[in-house]
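A short worksheet on the structure shown next.
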Amino acid sequence: MLNIVALLNALPGSVAQGVLMGIMAIGVYITYKVLDFADLTVDGSLCTGGAVAVMLIMKGINPYVALLAAFAAGMLAGFLTGFFHTVMGIPGILAGILSQLGLYSINMRIMGKSNQAVSVDKYDLVVSLRYITPAIVVGLIFVVVLIGILYWFLGTEIGSAVRATGCNENMARAQGINTNIGKIIGLVLSNGLVALSGALYAQYNGNADINMGRGAIVIGLASVIIGEVLFGKIFRNFALRLFSVVIGCVIYFAVIALVLQLGLSTTDLKLFSALIVAVFLAIPYWSGKYKATHPAKVKKGGKTDAGN
Amino acid sequence: MLEIKNLSKTFNPGTVNEKQALTDVSLTLNEGDFVTIIGGNGAGKSTMLNAIAGVWPIDSGSISVNGVDITKLPEHKRAKYIGRVFQDPMMGTSADMGIDENLAIAARRGKHRTLSWSITRKEKEKYKKLLSSLDLGLEDRLTSKVGLLSGGQRQAITLLMASLEKPQLLLLDEHTAALDPKTAAKVLALSDKIIEENQLTAMMVTHNMKDAINHGNRLIMMHEGNIIYDVSGEEKKKLHVSDLLAKFEEVSGGEFANDRMILN
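If you read the protein sequences in the order shown, they are chains A and B.
Residue numbering for the first sequence follows my numbering, beginning at 25 and increasing consecutively.
Residue numbering for the second sequence follows my numbering, beginning at 120 and increasing consecutively.
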């Protein structure tokens, strides 16, 4: 049964995984929450990031440069989905699925085979599971810097236009915003972050694998939802909200470590994740339904109702 | 100012749901015209406004504003010339964004958006003053999410947004229809004030005949995709609801009684 010592030993690793994959979850937040777009490209672009970084590092390129290249590759993947959706008129979910499928072949082309290893003994990797505490610190530095950049960007005129696109397309267009470009910017940015996360995660694990992105979108959604459920009422500030997504991702990996300790097989994890996310997604729907059939008695009037 | 020539639009052509919404409509607006538009359901009032705003491409005809042909421009590019307020109070604002952020987005309509801050401190002061002029108590809620406001408050803000960056043409598409009578009157008075102060050219669709008579300097009646009555100046001022009803009966062959028409 539950082995507390083994669980505690596994926890630092979960935190590191959660922080590094938390960057991917921030990317998912951008599309899912800011842009209101369920982007399934993630499963493909995470691996693209890992593949690009690992292959470049193997060629002797500086790992930080490799991270930048991975970010750029992810942006391209996001652009592809945006192109499918806006120029070709393909519904959002389907556009993401098409990119994801296409990216499988591209990722295989990049790697040449389904798994490529980079050893931390041979290369000067940015993070590695061999050194967990530095990995957590480096991951957190990345998270803080990225959140800072996103906070700045979404506060600019262009960022504001992207947010308006996600919130109300009608309003955005009536105010002269090209909503197609707004969506593409969001998708490009999001998948850039996802690929960057994949690049870090691959270095952490010491390899890029063709299947590393499978189910990533579900992990991302789980992180967004866990972060929102736990901190949504406390964190009003946008930067803190993004940070709560990363905490959500850490919690996700901690829970995974726990259920593994409880004896769940690794191949059962995906089912477990899917069900968890399904339940969390259902909660707001169910509570809305409950509120609709059980209306609370509210007093009308007061300043907020004036002018109604 | 606004020149519409031979505008036609058919929805769902070639299907059982085919609907000829606009049939060869031509209309010229002069600078400073405030036109009210009335007509029964499906007369083509909103369709005409949407055609001008560029919500979808038209079948034939041309639209130009101050000599600029906008017929082929996409919706977001026409926004440079056109301010809009919709029937649905949810449509004109971004619910998840603050009042100030919504206004700041509107202030940049038709301008190039850059990587500078989306809202400056100076703007916030300006918006505060504008909001206090609405007299809805919104000046203290500058950063409140618009989603928390009532329908009337949202329409008032949408009106501000439509006029913040002075549009060459203001389109009001039944913008008071979803509001209760008292709020509707308030929003209508605000519309009058904004149009007058900024000397805007405006088109307002309404179902209320009295409003159509009491507001603006020109009145258009539409029926089955055509403009069937166009009256302005002194002649419009002398109009009574009964005149409009008579006109309506005349074209619709007697059965005018439309349940959405408000007669007084």
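Here a beta-carbon is modelled for each residue, glycine too, at the ideal position from N, C-alpha and C.
Remember, it's a predicted structure, so these values are computed and weren't measured experimentally.
Shorter than 8 angstroms from the beta carbon of residue i to some beta carbon of chain B?
i, result
"A/Met236", "no"
"A/Arg265", "no"
"A/Met48", "no"
"A/Thr110", "no"
"A/Ser268", "no"
"A/Gly200", "yes"
"A/Thr180", "yes"
"A/Gly51", "no"
"A/Arg154", "no"
"A/Ser311", "no"
"A/Arg197", "yes"
"A/Gly210", "no"
"A/Arg260", "no"
Check the Cβ-Cβ distances between residue i and every residue of chain A, and say whether any is below 8 angstroms.
i, result
"B/Arg273", "no"
"B/Glu89", "Past the edges of chain B, shown from 120 to 383, lies residue 89 of chain B, and the structure says nothing about it."
"B/Leu309", "no"
"B/Ala304", "no"
"B/Asp219", "no"
"B/Ile171", "no"
"B/Trp175", "no"
"B/Ser213", "yes"
"B/Thr320", "no"
"B/Ser235", "yes"
"B/Met385", "Nothing about residue 385 of chain B can be reported from this structure: the residues present for chain B run from 120 to 383 only."
"B/Ile224", "yes"
"B/His195", "yes"
"B/Lys138", "no"
"B/Ala198", "yes"
"B/Met210", "yes"
Could you tell me which residues DSSP puts in a beta bridge with residue i?
i, result
"B/His342", "B/Asn345"
"B/Glu353", "Paired residue(s): none; B/Glu353 is not in a bridge."
"B/Ala321", "B/Phe153, B/Leu289"
"A/Arg260", "BP columns for A/Arg260 are empty, so no partner."
"B/Arg337", "B/Val154, B/Ser351"
"B/Ser181", "B/Lys124"
"B/Val187", "B/Val184"
"B/Gln139", "B/Thr129"
Please classify residue i: is it buried, with 16 or more other beta-carbons within 10 angstroms of its beta-carbon, or exposed?
i, result
"A/Arg154", "exposed"
"A/Leu44", "buried"
"B/Ile172", "Before going further, note that residue 172 of chain B is Ala rather than Ile in the sequence given. By the neighbour-count rule (16 or more Cβ atoms within 10 Å), B/Ala172 is buried."
"B/Ser191", "Per the sequence shown, the amino acid found at residue 191 of chain B is Lys instead of Ser. Label assigned to B/Lys191: exposed."
"A/Ile28", "exposed"
"B/Arg240", "exposed"
"A/Val78", "buried"
"B/Glu353", "exposed"
"A/Gly244", "buried"
"B/Met340", "buried"
"B/Asp292", "buried"
"B/Gly151", "exposed"
"A/Ala298", "exposed"
"A/Arg133", "exposed"
"A/Leu286", "exposed"
"A/Gly206", "buried"
"B/Glu368", "exposed"
"A/Ser311", "exposed"
"B/Ala286", "First, the residue type needs correcting, since residue 286 of chain B is Pro and not Ala in the sequence shown. The residue is buried, with at least 16 neighbouring Cβ atoms inside 10 Å."
Would you call the segment 132 to 151 of chain A in contact with the segment 228 to 235 of chain A, where contact means no fewer than 3 C-beta pairs closer than 8 angstroms?
yes
Minimum length 3: unbroken beta strand (DSSP E) runs contained in the segment 201 to 237 of chain B
201 to 204
Quick one: which unbroken alpha helix (DSSP H) runs of 4-plus residues sit fully inside the segment 145 to 169 of chain B? Chain order, please.
none
At what residue ranges does the segment 243 to 310 of chain B contain a whole run of the alpha helix (DSSP H), taking only runs of 4 or more?
270 to 283
Are the segment 199 to 219 of chain A and the segment 176 to 186 of chain A touching by the rule of at least three beta carbon pairs closer than 8 angstroms?
yes
Counting pairs of beta carbons, one from the segment 92 to 108 of chain A and one from the segment 259 to 268 of chain A, are three or more of them closer than 8 angstroms?
no
Entirely enclosed beta strand (DSSP E) segments - the segment 210 to 235 of chain A, minimum 3 residues
231 to 233
Take every Cβ of the segment 300 to 308 of chain B, pair it with every Cβ of the segment 123 to 137 of chain B, and state whether three or more of those distances are shorter than 8 angstroms.
no
Are three or more beta carbon pairs between the segment 311 to 330 of chain B and the segment 227 to 238 of chain B nearer than 8 angstroms?
no
Given 8 angstroms, three or more beta-carbon pairs between the segment 188 to 204 of chain B and the segment 170 to 180 of chain A:
no
Any contact of the segment 279 to 287 of chain A with the segment 86 to 98 of chain A, i.e. 3+ C-beta pairs under 8 angstroms?
no
Should the segment 234 to 247 of chain B be called in touch with the segment 156 to 170 of chain B, which here means at least 3 C-beta pairs below 8 angstroms?
no
Quick check for students: name the residue ranges of the beta strand (DSSP E) that lie wholly in the segment 122 to 188 of chain A, counting only runs of 3 or more.
139 to 141
Are there three or more Cβ pairs, one per stretch, closer than 8 angstroms when the segment 46 to 66 of chain A is compared with the segment 119 to 128 of chain A?
yes
Does the count of Cβ pairs from the segment 200 to 218 of chain B and the segment 260 to 278 of chain B closer than 8 angstroms reach three?
yes
Contact the segment 243 to 254 of chain A vs the segment 152 to 167 of chain A: 3+ CB pairs below 8 angstroms:
no
Note down, one range per segment and in chain order, each beta strand (DSSP E) of at least 3 residues found wholly within the segment 54 to 127 of chain A.
none
Can we say the segment 249 to 260 of chain B touches the segment 269 to 277 of chain B, given the rule of at least three CB pairs closer than 8 angstroms?
yes
If we count Cβ pairs, one from each stretch, closer than 8 angstroms, do we get three or more for the segment 284 to 300 of chain B versus the segment 325 to 333 of chain B?
yes
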